[in-house]
Amino acid sequence: MLRSCPIIASFAICILVGMLHPGLAGPAIAQTEEAELELRLEVPPKLKQKEEAQLPAGTVFPADEVSVILTIEVNEEGAVTNVVVVEGPGEPFHAAALAAVKQYAFEPGRLNTGDPVAVTIKYRLRFTRPPLPPCRLRGILRERGTRKPLADLPVVVRSGPDDRVSTVTDAKGRFEVEIKAGTLKVISIPPDHQRLDVEVQIWPGEEVEEVYYLLRRPRANVTVVQGVRIRREVTKRVIPKDILVQMAGTAGDTIRAIENLPGVSRRPFGGGGQLILRGANPGDSKVLLEGMEIPLIYHFGGLRSSFNSAFLEALEFVPGNFSAEFGRAIGGIVNVKVRDPADDMFRGELDINIYDAGFVAEGPVDSKWSMGGAFHRSYIDTILPAFIPDDAPLTFESAPRYYDYQFNAVRKGKNNERFRTLFYGSMDKLVILFPQAVGDSAIKGELSTRTMFHFLQFDYRKKYWDRLEHNTRFRMGMTEINFRFGVEFFFNLNVKSLALRDTLSYRIHPKLLLRTGLDVQNLYVEIALQAPYRPTEGEDRVSVAIQEVNSTLETLNYLNFGSYLELLYTPIEALELLPSLRLDYYQAIERWTVDPRFITRWTATPGTVLKGGFGYYQQQPQYDRSDPSLGNPNLLATRSLQSTLGFEQEITPGVTLDLAGFHKTIDRGVVRNADFGTDTALVPYVNDGTGRIYGAEVLLKAAIGERFYGWLAYTYQRSFRTDHPGENERRFDFDQPHILTVLGTYTLGRGWQVSLRFRYISGNPFTPIVGHILDSNSGEYIPIFGGNNVGRLGEFQQLDARIDKTWTYPNWKLNLYLDVQNVFMHGNPEAMNYNYDFTQSTYTTGIPILPILGLKGSW
Amino acid sequence: MVMMGRILVGFLLLTGLWSCGEEFEPASLLTNTRILAVVADPPEVGLGESVSLRAYTYVPPDLTIVSEKWSFCPIHLSSYSNPAFSCFSDLPECNPELEANEDGVVVANPLTLALACFEALGAEGLEPGTEPGDPKTEEEEEEEKPETIEVLFRYQIEDSSGFTRDAVMRVEQHFEPEITNPNGNPVIMDVRVDGTSVSEGDVLELLAEKETVAIEVDLDEESRDFYVTASGEEYKEDFDLSWFSTAGRFDEDKAVGVEATVTFRAAPLELDDTEALIWVVARDGQGGQTIFGPITIPLAPAAE
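Given below as structure tokens:
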């Protein structure tokens, strides 16, 4: 209820003496004997009790202050006997004024004789508009499309020119202000998002909650703050997933982006899962998922990796000279880091393209737990048969089909404590019917292949005090591969595995960090095989029909025990010295190996780092090479001495140059026993192989704001092998002297983004065929080979392009992309193709062009 | 471990498919001198048994064979040697030349030939499969003695254009006089063209350009022998058939089975193609082979 102004500022008194007391009116002619006393009002009435004027609720004031002028008749007792409104704004002010004034009590007016007298006075009663109750505005700022809360942003709320409140959003993007009602102006200017400048109409006393979605925008300049972190590798490249996902040529597959880095040779056409790093054999490098080896990196054809990119945080790529934490490899390491599921809100993603589809869902369960799941499934099998001509030499009983799944649950506690459960798996299946023999007379009948794995992995990390950190990973699972080809050839492998990785980091001293750990695997293997010997690297291939066939049926258990010790010494802040030692035991060959290693990094200037490292790396023979029934159980581990020297230079903020030279020698390489050709009763493999590899890698990266990211990667690399003592050195099967990749991604704005990738790579060596013999038993022609790998295929050139359009809605985003591999349809030679008797040859080229159209929704 | 398996799968596929060359002329088209088959009878021999070998060749009408040579090798190198199945020794006694009779058939006793080779090696102080100065006991030798060895017969020809062909035929030599379930050559029971049985040497009706005929082959089911794989499993042979012609095309170069049918099309034809000589070779995958042909299909002249 509105109340009248508590103070009557002033009032005018109009004394109408004449009206109330005739004796006082006008000049009087007194004819008394004596001179009469002139009566006059000596003391006007004095208000001694007033009543507040009550206006009805909701009274609208025409102005901040309104006045009602009244005449008040005050009698000799001081009571109000009559009130009349003389002037005023109207109702309800008049009624309120009358009602209030009637209750007034005065001290009566007094004449100069002291006698009370009735007086009529004029009185102004003022009404002042009461201050309005404040209103309350609650707001939340989120990023448009992702709904990510925008924390720590200043917000200003204005109500009128003089009324303003400033605040800052909290960790959940919320803010709250109390301010005078009216048309409020809400303003925020985030550095990375569009400006917020809106008006909100709000009534007094009202509480309003608003959510504002701000579009993220690229900025011309970004300040990148690099934190100091411990580096335990000479060359380690960490690439965030956001960068990898929209690179041309990778169809959004994060792991495939590795092929754009220096030190990575181009994998052969159809050799989907092979990683060839710094001239090392496929199989000499490892792909790990949080430190645990993945049995299968890619699905069929290498188009899609077996672990959903949505749950990948980043890739750690170390082409050589990796730390003692990793072992059992003489090549390089790719370690996939898995991110935690979203813990702020429920999110999801749906991705559909021309050959597969997948979805992701994740979100918080409570304040400590968050969970997520993903699934991918191909549908090539439903589409491909439609494209197979009726007269094709093969039919698909089950066209290439794959799926993969991941489930990720994380619990976070205090002291950096984290517990993760990861359940993931993959399956690839293919069944082809060859009604007639195709090429090789042995290639006929049904070809079926199925590869699958399922793993359950636990990961626990905790920091004790500030000096000690403990990280344990445990994984159990199974891997199965079933392959059958016609009646003769089959390969069935079932592996049940247990793996443990345990690491302790202890800061002994501010300059000394000790790190030690275990890396243990146990493999329970059941194998049934009937197939030719798998060729070794460099071996020439002849018709399957004429090869000796091996057979085995056995159950084995392999224990691989590894442990390591690192001591990071930082004598001065800019210098890191990391000696380390790795110890491994391989049950398959019953041997121990010891690998000393050393890495150093020196930050010579704030933008310049010099780095180097050397050390031994050893790897057990692949299981079929050392299997008692298939190979030679007395083999030694292959050994490599690796060294790297290089520097990293920040040219300008956002532009860096990384240059490294490397050299590797290999000895005790596993090769075919030279006498095996004479007598297949001898051991098929021996440790006679040696190799040398050398080269240089250049990586020039440029990140210009958030619009452009790209790099130029060039590798000059030579890789040679000598199979047996006294033989001539030959080229490695994938000796690619020049590997150039130039790629860039540019954000155009309005949701458009383009990416281009150009690659130029030397052709792979090949062994020419210089003659032939007919094997009448099989009807196949046997090639006579010339010098091993003396030929070289033509160079590989390819331009890939990708264009993305993203529509960003308040609560979700929609991304449409077209990724075209080999835009110019350049026919890249992948292998030599021969006619039936090797008298004619031509190149087999790769896929002429591969457009992949995809649609992805995320919320 | 799994990568090893995937590489094996890939190797088998790539190796087997590498001769897929739709861009080349099919293997069935005979355009130059070709050895179609070397048939051994029997394909595996017992102790003291002889084997007859005959080579079936095609020589273009404008060429002749100017040289022809048969040779023998008791022990060949494995498929991992280069070239595969090279002879383990260069000694003449281990690579003796063989004479064919007037029918072009070579008759040889592999064991006798092998012993002659071993004798020569012994004279050189070498024995196959042992290191010099590495004597073995009788028991060790008896244990190491194989049940069979695969001997090699080689046939080499050169035509008047200088083009050479080289073929090997591997024959299993058992060390028992009686072989249990010996392998035999496949038996072709009947060959029909458009439903009509034909015989080797038959000349059929004229076929117009682009017209087709169906050629059916029946093999004797009884000639499908059993064999044992490296893992000890027993399988019944499958017959692989290869078709050859001097003109025209088959819809498939190869077939599998006891009964097979192929469509022969009189196209594409060269201007001078007046007839197509057709053969079919059946192999059992264990060394047994048989050949049928030629039959002649006269062809209408190709349109210019």
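Line by line, the protein sequences give chains S and P.
Here the first sequence is numbered in our numbering, starting from 79 and rising by one per residue.
Here the second sequence is numbered in our numbering, starting from 9 and rising by one per residue.
Ideal Cβ placement from N, Cα and C applies to all residues, glycine included.
As assigned by DSSP and simplified to three states, the class of P/ALA290 = In the second sequence, residue 290 of chain P corresponds to position 282, counting from 1. If DSSP states are grouped into helix, strand and coil, P/ALA290 belongs with the strands.
P/ARG257: beta carbon under 8 angstroms from a heavy atom of the ligand ADP?
-> Of ligands this structure carries none, so the ligand ADP is not represented either.
Classify P/PHE126 as helix, strand or coil using the three-state DSSP reduction.
-> Here residue 126 of chain P corresponds to residue number 118 of the second sequence, with the count starting at 1. Here P/PHE126 sits in helix by DSSP.
Do you know offhand how far S/ILE930's Cα is from S/ASP882's?
-> For the purposes of this step, residue 930 of chain S is identified with residue 852 of the first sequence, where counting begins at 1. For the purposes of this step, residue 882 of chain S is identified with residue 804 of the first sequence, where counting begins at 1. Using only the alpha carbons, I get a separation of about 12 angstroms.
Alpha carbon of P/THR254 to alpha carbon of P/THR39, nearest angstrom | Walking along the second sequence from the start, residue 254 of chain P turns up at place 246. Walking along the second sequence from the start, residue 39 of chain P turns up at place 31. Whole-angstrom Cα-Cα distance: 7 angstroms.
C-alpha gap between S/ARG236 and S/GLY217, whole angstroms = Stepping through the first sequence from its first residue, residue 236 of chain S is reached at position 158. Stepping through the first sequence from its first residue, residue 217 of chain S is reached at position 139. So the alpha carbons of these two residues sit roughly 14 angstroms apart.
Between the segment 248-268 of chain P and chain S, which residues of the former have CB atoms less than 7 angstroms from a CB of the latter, in chain order?
-> ASP248, SER250, GLU260, LYS262, ALA263, VAL264
Reducing DSSP to helix, strand and coil, say where P/PHE234 ends up.
-> Against the second sequence, residue 234 of chain P aligns to sequence position 226. Strand at P/PHE234.
Kindly indicate which three-state DSSP category S/ARG222 falls into: helix, strand or coil?
-> Taking the first sequence and counting its residues from 1, one reaches residue 222 of chain S at position 144. Reduced to three states, the DSSP call for S/ARG222 is coil.
Under 9 angstroms, do S/PRO762 and S/ARG750 count as touching if we go by C-beta distance?
-> Residue numbering aside, residue 762 of chain S sits at position 684 when the first sequence is read from its first letter. Residue numbering aside, residue 750 of chain S sits at position 672 when the first sequence is read from its first letter. Yes, these two residues count as a Cβ contact at 9 angstroms.
Only counting runs of 3 or more residues, tell me where the beta strand (DSSP E) segments fall wholly within the segment 54-98 of chain P, in order along the chain.
-> 59-66, 73-81
Could you please give me the residues that DSSP links to S/TRP941 through a beta bridge?
-> Any property of residue 941 of chain S remains undetermined from this structure, which presents chain S solely from 79 to 937.
C-beta neighbour in chain P for S/HIS802, strict 9 angstroms | Within the first sequence, numbered from 1, the residue matching residue 802 of chain S stands at position 724. False, the Cβ-Cβ gap to chain P never drops below 9 angstroms.
Chain S partners of P/ILE43, CB-CB under 8 angstroms?
-> By 1-based counting over the second sequence, the position of residue 43 of chain P is 35. What P/ILE43 touches in chain S: LEU852, SER854.
Are the segment 174-187 of chain P and the segment 48-58 of chain P touching, with three or more C-beta to C-beta distances below 8 angstroms?
-> Output reads yes: the segment 48-58 of chain P touches the segment 174-187 of chain P.
In its own chain, which residues sit with a C-beta less than 6 angstroms from the C-beta of S/GLU129, not counting the 5 before and 5 after it?
-> For the purposes of this step, residue 129 of chain S is taken as residue 51 along the first sequence, with counting starting at 1. These residues qualify, in order along the chain: ALA178, GLN181.
Nearest-angstrom Cα distance between S/ARG746 and S/HIS802?
-> Translated into the one-based positions of the first sequence, residue 746 of chain S becomes position 668. Translated into the one-based positions of the first sequence, residue 802 of chain S becomes position 724. Each residue's alpha carbon lies about 10 angstroms from the other.
Within 10 angstroms of its Cβ, does S/ARG828 collect 16 or more other Cβ (buried), or is it exposed?
-> Within the first sequence, residue 828 of chain S is the residue found at index 750, counting from 1. So S/ARG828 ends up on the exposed side.
Tell me whether P/THR120 sits in a helix, a strand or coil according to DSSP, three-state version.
-> Reading the second sequence from its first residue, position 112 is the one you call residue 120 of chain P. The answer is helix: DSSP assigns P/THR120 an H, G or I state.
Can the beta-carbon of P/GLU155 be found less than 9 angstroms from the beta-carbon of P/CYS125?
-> Along the second sequence, one-based indexing puts residue 155 of chain P at 147. Along the second sequence, one-based indexing puts residue 125 of chain P at 117. The answer is no: Cβ separation not under 9 angstroms.
Local conformation of P/GLY295 per DSSP, three classes = As a first step, residue 295 of chain P is located in the second sequence; it is residue number 287 there, counting from the start. P/GLY295: coil per DSSP, three-state reduction.
Is S/PRO731 helix, strand or coil when you go by DSSP?
-> Sequence index remark: in the first sequence, residue 731 of chain S carries index 653 (1-based). S/PRO731 falls in the coil class under three-state DSSP.
When you check each C-beta in the segment 630-658 of chain S against every C-beta of chain P, which residues fall closer than 9 angstroms?
-> THR630, LEU631, TYR636
For S/PHE740, does the three-state DSSP call read helix, strand or coil?
-> In the first sequence, the residue the question calls residue 740 of chain S occupies position 662. In this structure, S/PHE740 counts as strand in the three-state DSSP scheme.
Look at S/ARG356 and S/PHE639 and say whether their C-beta atoms are less than 9 angstroms apart.
-> Residue numbering aside, residue 356 of chain S sits at position 278 when the first sequence is read from its first letter. Residue numbering aside, residue 639 of chain S sits at position 561 when the first sequence is read from its first letter. Cβ atoms of S/ARG356 and S/PHE639: not closer than 9 angstroms.
Going along chain P, which residues have a C-beta under 9 angstroms from S/GLY924?
-> Position 846 of the first sequence holds residue 924 of chain S. Within chain P, no residue comes near S/GLY924; the closest Cβ sits about 14 angstroms away, beyond 9 angstroms.
Leaving out five residues on either side along the sequence, give the residues of the same chain with a beta carbon under 6 angstroms from the beta carbon of S/LEU928.
-> Start at 1 with the first residue of the first sequence, and residue 928 of chain S comes out as number 850. GLN899.
Kindly indicate if chain S contains any beta-carbon less than 9 angstroms away from that of P/ARG173.
-> Reading the second sequence from its first residue, position 165 is the one you call residue 173 of chain P. Chain S contact via Cβ: present.
Quick one: residues in its chain with C-beta nearer than 6 angstroms to the C-beta of S/GLU285, no 5 flanking neighbours on either side, listed in chain order?
-> In the first sequence, residue 285 of chain S corresponds to position 207, counting from 1. Answer for S/GLU285: ARG214, listed in chain order.
Spatial distance of S/TYR895 from P/GLU242 (CA atoms) | Residue 895 of chain S sits at position 817 when you count from the first residue of the first sequence. Residue 242 of chain P sits at position 234 when you count from the first residue of the second sequence. Rounded to whole angstroms, S/TYR895 to P/GLU242 spans 54 angstroms at the Cα level.
Does any residue of chain S bring its CB to less than 9 angstroms from the CB of P/TYR66?
-> Start at 1 with the first residue of the second sequence, and residue 66 of chain P comes out as number 58. No, because no Cβ of chain S sits closer than 9 angstroms to the Cβ of P/TYR66.
Within 10 angstroms of the Cβ of S/GLN720, are there 16 or more other Cβ atoms? Answer buried if so, exposed if not.
-> Position 642 of the first sequence, counted from the start, is the residue given in the question as residue 720 of chain S. Label assigned to S/GLN720: buried.
Cα-Cα separation between S/THR743 and P/SER97, rounded to whole angstroms = As a first step, residue 743 of chain S is located in the first sequence; it is residue number 665 there, counting from the start. As a first step, residue 97 of chain P is located in the second sequence; it is residue number 89 there, counting from the start. Rounded to the nearest angstrom, the two C-alpha atoms are 36 angstroms apart.
Check whether the segment 272-281 of chain P touches the segment 212-219 of chain P, counting contact only when three or more Cβ pairs, one atom from each stretch, lie closer than 8 angstroms.
-> yes
Closer than 9 angstroms to chain S by CB, P/ARG291 = To locate residue 291 of chain P, count along the second sequence from 1; it is residue 283. Using a CB distance cut-off of 9 angstroms, P/ARG291 counts as an interface residue toward chain S.
Candidates S/LEU508, S/TYR664, S/LEU582, of which the one nearest S/PHE563 by Cα = What you label residue 563 of chain S is simply residue 485 of the first sequence in a count that begins at 1. Nearest option by C-alpha distance: S/LEU508.
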